[in-house]
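Trainee:
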Amino acid sequence: MRLRDRRAFEKPEVMIIPMIDIMFFLLVFFMLSTLYMVNLKTVDVNMPKAQNAATNLSVTYLVTMKKDGSLYLEDKPITEATLLARAKEENARSSKFSVVVRADQSLDYGEVVALLDKFKGEGITRFGLAAEAGGGQ
């Protein structure tokens, strides 16, 4: 006893629109999740704000000066002599070596300039000062 006609059965179809939606969702998910995977190894410091500050995540030698004058290389405490010696070694290895100094806003400007002068004395000529974006005049 046959209840249905064979012609009534449709061929199976692959619906492409829901698959595209799922792929788009996965793409957006992974793009957003990688934004939070960027791990800046830094010490929390109150940096000055600047209206035209730019973010550069490719810095390899990030020095932080805290309010009390202590120095950090990325997120590890370091002495000034060791810092300068390592910087000199890195500068000898790479012609594009540069140092970025993140200094606390309330730190004396003379201390920052003294550190930059010591870097220059070691032969390092490419350095910059970090600031937070979004500052006003």
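Residues 499 to 635 in the working numbering are what the sequence shown spells out, letter by letter. No residue lacks a Cβ here, since even glycine has one placed at the ideal position from N, Cα and C.
#1: Which residue from 564, 550, 597, 603 puts its Cα closest to that of residue 615?
#2: Distance check for residue 585 and residue 610, CA to CA, integer angstroms please.
#3: DSSP on residue 527, reduced to helix/strand/coil?
#4: Tell me the rounded alpha-carbon separation between residue 575 and residue 569.
#5: Is the beta carbon of residue 546 less than 8 Å from the beta carbon of residue 612?
#6: With respect to the alpha helix (DSSP H) encompassing residue 582, which residues constitute its N-terminal and C-terminal limits?
#7: Determine the extent of the beta strand (DSSP E) in which residue 626 is found, giving its start and end residues.
#8: Counting C-beta neighbours from all protein chains within 10 Å, is the total for residue 600 16 or more, i.e. buried, or is it exposed?
#9: When you compare each of 604, 590, 510 to residue 621 by their alpha carbons, which one comes out closest?
#10: Tell me whether residue 521 sits in a helix, a strand or coil according to DSSP, three-state version.
#11: In angstroms, rounded to a whole number, what distance separates the CA positions of residue 560 and residue 510?
Mentor: Judging by the given coordinates:
#1: 597
#2: The alpha-carbon atoms of residue 610 and residue 585 are separated by roughly 16 Å.
#3: Note: residue 527 maps to helix in three-state DSSP.
#4: 6 Å
#5: no
#6: Run containing residue 582: 578-591, per the alpha helix (DSSP H) assignment.
#7: 625-627
#8: buried
#9: 590
#10: helix
#11: Those two C-alpha atoms are separated by around 59 Å.
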